[in-house]
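Using numbering that gives the first Met the number 0, you'd call the opening residue of the sequence shown number 0 and step up by one each time. Here a beta-carbon is modelled for each residue, glycine too, at the ideal position from N, C-alpha and C. Just so we're clear, the structure is a prediction, and the values are computed from it rather than from any experiment.
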Amino acid sequence: MKSNRVKINPDILKWAIDNINYSIPSFAKKMGQKELTIKKWLDGEEFPTYKQLEKISYDILKIPSIFFFSDSPPEDNLKADFRTTSPNTLKNLSPNIMITIKKMKALQYNLSKLFNNKNPISDTFINNLKEIDNNNIEFVAEKLRNILNITIEEQKQFKTSEIALKEWRNSVEKNGIFIRKAALKNYDISGFCLYDKAFPIIVINNSQPFNRQIFTIFHEMAHLIFKISGLDGLEEDFSEISRNNRNIEILCNNFASTFLLPKNEILIYSGYNINDKNISNVANEFSVSREVVIKRYLDFNLIDKNTYKEYLEKYIKEYHRNAKNKKGGNYLNTKFTYLGENYIKLIFEEYYENKINKYELFDFLDEKKENNINKIEEMLYRKQKL
């Protein structure tokens with residue numbers, strides 16, 4: 000008996016293959032198919048089976064299968080999207096990061112279709128905030144803190160940086176910005192964001208320490224306030240980008256540091272003896288990275304530029320030395336960590352209101368097994384009761 004074929008949009012398949020930098024021979028090898036078969040799929044002469052589509056979606060391109068039924072591929076220009084990132088950095092992005100970017104673009108596109116281009120959670124406040132400049136950076140940071148409704152006193156009460164990250168993430172998500180975690184498998188890349196007026200997305204590297212992930216959220220938030228997509232790396236590379244884009248990237252770093260460690264808080268330490276112990280103590284008190292602390296010390300001339308560079312190089316080396324591939328933990332916990340409880344709740348609500356079908360539910364939750372869907376729902380129910 001002939002397997003059922005699934006009529007997908009060949010333009011979407013071509014877009015997906017090209018954008019992950021696969022050639023037809025390499026893609027055919029991955030699929031275990033002849034090159035001629037792949038060419039026929041791309042020409043729309045033949046179509047893959049449902050099982051083959053699942054393999055394309057989940058195992059190779061990591062793009063939800065629902066995406067292949069779209070009318071047309073989205074406009075996609077990595078250099079334009081991440082214009083404040085050096086071409087050299089973009090050129091060296093790993094396939095894993097490229098796939099994650101495409102996956103998030105697909106999610107953004109499908110959320111837009113599902114909700115008719117209107118954010119179901121909130122009108123995203125980033126569209127109403129003034130663009131950041133050197134004169135208003137503290138004002139915008141304070142305004143954002145008021146929107147997120149977490150005072151500096153509450154920030155200092157967070158017992159661990161893990162708790163702080165959960166609280167910041169929850170507050171940001173409840174204000175209409177989608178946050179995903181991903182194992183980017185590249186310790187030098189902290190995360191990225193994709194700007195959209197209705198569906199902005201921030202992705203943070205789950206391999207990095209919690210306090211670094213917090214910084215990444217607000218670095219990317221600054222990109223969104225500028226109404227652009229952006230990418231955050233551990234080390235700054237401003238080569239081959241314009242002065243304006245370089246200034247934006249510097250402002251994004253300054254904004255994140257200013258937001259997390261305001262001027263009146265850091266000046267309290269102006270009379271202290273600054274050393275590793277002092278820096279670590281301040282970092283722990285505010286649930287921020289040590290880089291944020293030394294950046295703020297530099298801002299107010301509590302250390303000079305050479306001392307700042309020495310500390311920065313030292314901390315980056317320590318990050319690399321301590322970097323480990325995290326072993327997979329509990330599957331369900333990982334699912335909730337990566338997708339986020341707010342997002343999972345939203346998708347189940349759409350399903351039970353018959354706005355998406357069962358197959359779309361699987362796609363939005365990045366799942367193939369019905370048993371896992373049931374377990375995710377059970378865990379969501381337990382979490383909501385707490």
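Residue nearest to Lys-50 within the set Gly-43, Asp-58, Glu-172 is Asp-58 (criterion: CA-CA distance).
Nearest in C-alpha terms to Ile-55, of all of Leu-77, Asn-91, Ile-98, is Ile-98. When secondary structure is reduced to three states using DSSP, Phe-46 falls in the coil class, being assigned neither helix nor strand. In the DSSP assignment, Phe-191 falls within the unbroken beta strand (DSSP E) covering 188-193. Pairing Ser-286 with Lys-28, the inter-Cα distance amounts to about 47 angstroms. In this structure, the CA atom of Thr-150 is about 7 angstroms from the CA atom of Arg-144. When DSSP states are grouped into helix, strand and coil, Asn-8 belongs to the coil group. Going by beta carbons, Gly-232 and Glu-219 fall outside the 8 angstroms limit. Residue environment analysis places Asp-362 among the buried positions, since at least 16 neighbouring C-beta atoms fall within 10 angstroms of its C-beta. DSSP places Arg-82 outside both helix and strand once states are collapsed to three, so it counts as coil. In the DSSP annotation of this structure, the continuous segment of the alpha helix (DSSP H) that includes Ile-224 starts and ends at 209-224. Judged by beta-carbon spacing, Leu-360 lies beyond the 8 angstroms limit of Ile-343, meaning their Cβ atoms are not closer than that value. Note that the C-beta distance between Ala-15 and Leu-52 is not below 8 angstroms. Taking C-beta atoms as the reference points, Pro-199 and Thr-123 count as a pair closer than 8 angstroms. Sorting Ile-227, Gly-270, His-222 by C-alpha distance to the C-alpha of Ala-255 places His-222 at the top. Separation of Tyr-296 and Asp-195 (C-alpha to C-alpha, rounded to the nearest whole angstrom) is 34 angstroms.
Distance between Lys-262 and Leu-164, taken at the CA atoms: about 22 angstroms. Remark: three or more beta-carbon pairs, one from each stretch, lie closer than 8 angstroms, so the stretch 259-276 and the stretch 297-313 are flagged as touching.
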